[in-house]
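Contents: one structure, followed by commentary.
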Amino acid sequence: MKLFAKYSRINVVATVIIFLIACIAFYFTLHYVLMSQIDQDLKIEQREIETFVREHNRLPENISVKDQLIRYQPIQKNITSRFTTHFIKEHGGDDDGEKFRQLAFSIKVGTQWYQATVSKSLEATENLSRSILIIAFITILVILLVTFLINRIVLKRIWKPFYQSLDTVKDFKVGETAPLQLSPSAIDEFQLMNQTLEKITRQAKLDYLSLKTFSENASHEIQTPLAVIRSKLDLIVQDESLTQKQSEALQAAYNSLQKLTRLNQSLLLLAKIENNQFGTIQSVDLKSMLEEKVADFNELWQTENILLHADLLPAVVRMNKDLAEILINNVLSNATRHNYNRGEISISLTKDFLEVANTSKQPMLNETMLYRRFLKSIHRSDSNGLGLSIIKQICDTSGFSIQYNFDENKHRFVIFFNAAKSYSDESKANQ
Amino acid sequence: MKILIVEDEKELSQSICDYLSNEQFTCEQAFDFQAALEKISLYDYACIVLDITLPNGSGMDILKELKTDNKIDGVLIISAKNSIDDKVTGLKEGADDYLSKPFHLSELAARVEAIIRRKSFDGKNIIQFDTIEVDLNEKTVTVDDSLVELTKKEYELLLYFISNKNKVISKNAIVIHLWGDDMDTADNYDFIYTHIKNLRRKLMKAGADDYIKSVYGMGYKFSLA
Chain R
382 MKLFAKYSRI NVVATVIIFL IACIAFYFTL HYVLMSQIDQ DLKIEQREIE
432 TFVREHNRLP ENISVKDQLI RYQPIQKNIT SRFTTHFIKE HGGDDDGEKF
482 RQLAFSIKVG TQWYQATVSK SLEATENLSR SILIIAFITI LVILLVTFLI
532 NRIVLKRIWK PFYQSLDTVK DFKVGETAPL QLSPSAIDEF QLMNQTLEKI
582 TRQAKLDYLS LKTFSENASH EIQTPLAVIR SKLDLIVQDE SLTQKQSEAL
632 QAAYNSLQKL TRLNQSLLLL AKIENNQFGT IQSVDLKSML EEKVADFNEL
682 WQTENILLHA DLLPAVVRMN KDLAEILINN VLSNATRHNY NRGEISISLT
732 KDFLEVANTS KQPMLNETML YRRFLKSIHR SDSNGLGLSI IKQICDTSGF
782 SIQYNFDENK HRFVIFFNAA KSYSDESKAN Q
Chain Z
388 MKILIVEDEK ELSQSICDYL SNEQFTCEQA FDFQAALEKI SLYDYACIVL
438 DITLPNGSGM DILKELKTDN KIDGVLIISA KNSIDDKVTG LKEGADDYLS
488 KPFHLSELAA RVEAIIRRKS FDGKNIIQFD TIEVDLNEKT VTVDDSLVEL
538 TKKEYELLLY FISNKNKVIS KNAIVIHLWG DDMDTADNYD FIYTHIKNLR
588 RKLMKAGADD YIKSVYGMGY KFSLA
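Have a look at this one:
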């Protein structure tokens, strides 16, 4: 729920309750005041009648005006005066009659007791209270409506910088060089928030940068010791007197060193792609590049008895040439490394996509985890877990999209040269 | 012929020196910028193996110095950076080749030989090894004047062997030389055996001796029997 909605919900409920209580209280107070006013009038009338009787020793003429009725009735004895509220039918009308306030009191004329009843119509006061109540009610509604509208418009405007900042932060990437630019706000709280956000993101950028520089430097620094180790191994193998056992140990050392070298180079490559050091974009003929690479790999595949299905159509894409080579190399290496003896690799290239599928002992891969660095496969220890990260990174920088699926026991990677297109488009087209 | 090795990592410099030194080459070492400048101003070298990142200076400045002195020394840059920019700048500044660390000594030796060959002005572009003659311009191989038909990979392999004659070359180094550093072979080097086998068969059929010897499954050595 939005802050504003939550706030206005509480606000409206509270306002309605307060107004209702106020209305009821107002109504009763008003009623009470008007009633005592009428009772006062009735008492004045009583006094007038009593004065008249005392002076003239007879009952006054029965003069009834529209909203005032006076009646006399002979009674046996004295009664206490009391106020009542009645409905009295007038002129024999068929309605319930009008509401009257009545004062009954006894009066003695000579020796005869009379009960005098003075009634006053309540119509005017009822009308008055009703009108006042209606006016109050309409006022409440209008106030509520206006408050609601004002809140909507004003709050929306007030919160605008907040949502703007939020949008900017949403698009924030720690790897990008441009600092976070938030539009200034006149409201202190938002200004504080923006300042804090800018500070945090600046710090995050600095931390990220120093971490990146650190890993880059570390990778660079590792190159020289690697070179020393490799050169020393190259010298040791020159020794004529090496035994078979020593040779085997040396070969193992060579292999591990090669793995370490490749790992380090992969890390450097990833850093370089992230730093946009492969800026030059040109038209790359993927078909001829792929054919060349396939010829290289074919020798490897033949020794592993891997069957190749290749279906290559001309495809020219705009990308960095070095990255294109690395991409193809990685895709083919990947399909080779996770394959088995007498397995299959199928490659198809069209102007829209490159698809490489391979058989493998591995079950279906988890696509969300797929491109993470150092994702170790269970079956092999000789992959460094960076191949797919590099493929993904190259796709991202080149504006390609990559999709993975697993069917007919084949792992299939499809690289779409137009990131907007997706696999579903392709399957639709095939139907 | 003299080769200068400008490399601040003494152990690496020593390895290069040990590997390259033979009856044909002598090596000198410079471990920092000043020593390197001094040496190039005093002597002429057939080839300079130059590290870009040096204490107290950059290898690029040594390249510039060579250029202003009109020296014709061949230069092979070895760099830990493996950056395309460095490569382009280095080659533009007059370097002959670029090799990124870590490299195999056999690869370095092949590159150094190639540079020296290109720099020698006698116009002779023929390498001789015993009865084998390789014409680098024509890219042809003859044994006792009879032509040997080699594939591109076999030709490159032969050149690599001759540049590293009498040295054990690891399979790993051969793969990197022929297929590049990127090709991830997952420790499977069986496929180079086919090329070695074919090259040996073709050379011997043409009448050459068996120069290629397998060394404990670790690598190969190209030498006179």
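One line per chain: the protein sequences are R and Z, in this order.
Its first residue numbered 382, the first sequence is counted upward by one per residue in our numbering.
Its first residue numbered 388, the second sequence is counted upward by one per residue in our numbering.
All C-beta atoms, glycine included, are put in the ideal place defined by N, C-alpha and C.
From a predicted model like this one, the values you see are computed outputs, not experimental measurements.
Proximity of the region 720 to 739 of chain R to the region 668 to 678 of chain R meets the contact definition, three or more beta-carbon pairs being nearer than 8 Å. At least one C-beta of chain R is nearer than 8 Å to the C-beta of SER493(Z). Check the Cα spacing between SER637(R) and each of ASN559(Z), ILE514(Z), VAL521(Z) and ASP405(Z): the tightest is with ASN559(Z). In the three-state reduction of the DSSP assignment, LYS458(R) falls in the coil class. Around the Cβ of ASN657(R), a 10 Å sphere holds fewer than 16 other Cβ atoms; the residue is exposed. When DSSP states are grouped into helix, strand and coil, MET670(R) belongs to the helix group. Note on geometry: alpha-carbon atoms of GLN496(R) and THR520(R) lie some 47 Å from one another.
In this structure, PHE420(Z) keeps its C-beta atom at 8 Å or more from the C-beta atom of MET388(Z).
Rounded to whole angstroms, CYS404(R) and LEU509(R) show a C-alpha spacing of 14 Å. At a cut-off of 8 Å between beta-carbon atoms, TYR752(R) makes no contact with chain Z. ASP422(R) is positioned such that its CB atom lies no closer than 8 Å to that of GLU504(R).
If the five residues before and after VAL697(R) are omitted, its C-beta is found closer than 6 Å to the C-beta atoms of SER664 and ASP666, all from its own chain and listed in chain order. Membership of GLY766(R) in any alpha helix (DSSP H) is not indicated, and neither H nor E is assigned to it by DSSP. Residue environment: TYR430(Z) is assigned as exposed (fewer than 16 neighbouring CB atoms within 10 Å of its CB, all protein chains considered). Interface residue (Cβ-Cβ distance to chain R less than 8 Å): LEU399(Z) is classified as such. Proximity of chain R to VAL499(Z) at the Cβ level (cut-off 8 Å) is not reached, the minimal Cβ distance being about 14 Å.
With a beta-carbon spacing of about 6 Å, LEU525(R) and VAL393(R) fall inside the 8 Å limit used to define contacts. With respect to LYS552(Z), PHE516(Z) sits close: the two C-beta atoms are nearer than 8 Å. With three or more CB-CB distances shorter than 8 Å, the region 552 to 560 of chain R counts as touching the region 578 to 591 of chain R. No Cβ-Cβ contact shorter than 8 Å links ALA593(Z) with SER507(Z).
The C-alpha of TYR408(R) is placed about 20 Å away from the C-alpha of THR465(R). In this structure ASP615(R) does not touch SER400(Z) by the C-beta definition: roughly 14 Å separates them, more than the 8 Å allowed. Contact between the region 708 to 727 of chain R and the region 744 to 751 of chain R is absent: fewer than 3 CB-CB pairs across the two stretches fall below 8 Å. LEU631(R) sits close to ILE617(R), with the two beta carbons spaced by under 8 Å. Going by DSSP, HIS412(R) is part of the alpha helix (DSSP H) stretching over 384 to 437.
Proximity of the region 390 to 400 of chain Z to the region 775 to 792 of chain R falls short of the contact definition, fewer than three beta-carbon pairs being nearer than 8 Å.
Between the alpha carbons of LYS593(R) and ALA599(R) lies a gap of roughly 10 Å. At the C-beta level, ILE459(Z) and VAL436(Z) stay beyond 8 Å of one another. The beta carbon of LYS613(R) falls within 8 Å of a beta carbon belonging to chain Z, placing the residue at that interface. Within the DSSP secondary-structure output, GLU479(R) pairs in a beta bridge with ILE469(R). As for any alpha helix (DSSP H) of minimum length 4 sitting wholly inside the region 426 to 462 of chain Z, the runs are 446 to 455, ordered along the chain. Residues LEU492 and ALA496 of the same chain have their beta carbon placed closer than 7 Å to that of TYR406(Z), with the five preceding and five following residues left out of the count.
TYR453(R) carries a strand assignment under DSSP once its states are collapsed to helix, strand and coil. Three or more beta-carbon pairs separated by less than 8 Å link the region 618 to 629 of chain R to the region 595 to 609 of chain Z, which places the two stretches in contact. The continuous beta strand (DSSP E) containing LYS791(R) extends over residues 791 to 797. Contact annotation: LEU441(Z) and VAL499(Z) have beta-carbon atoms that are not nearer than 8 Å.
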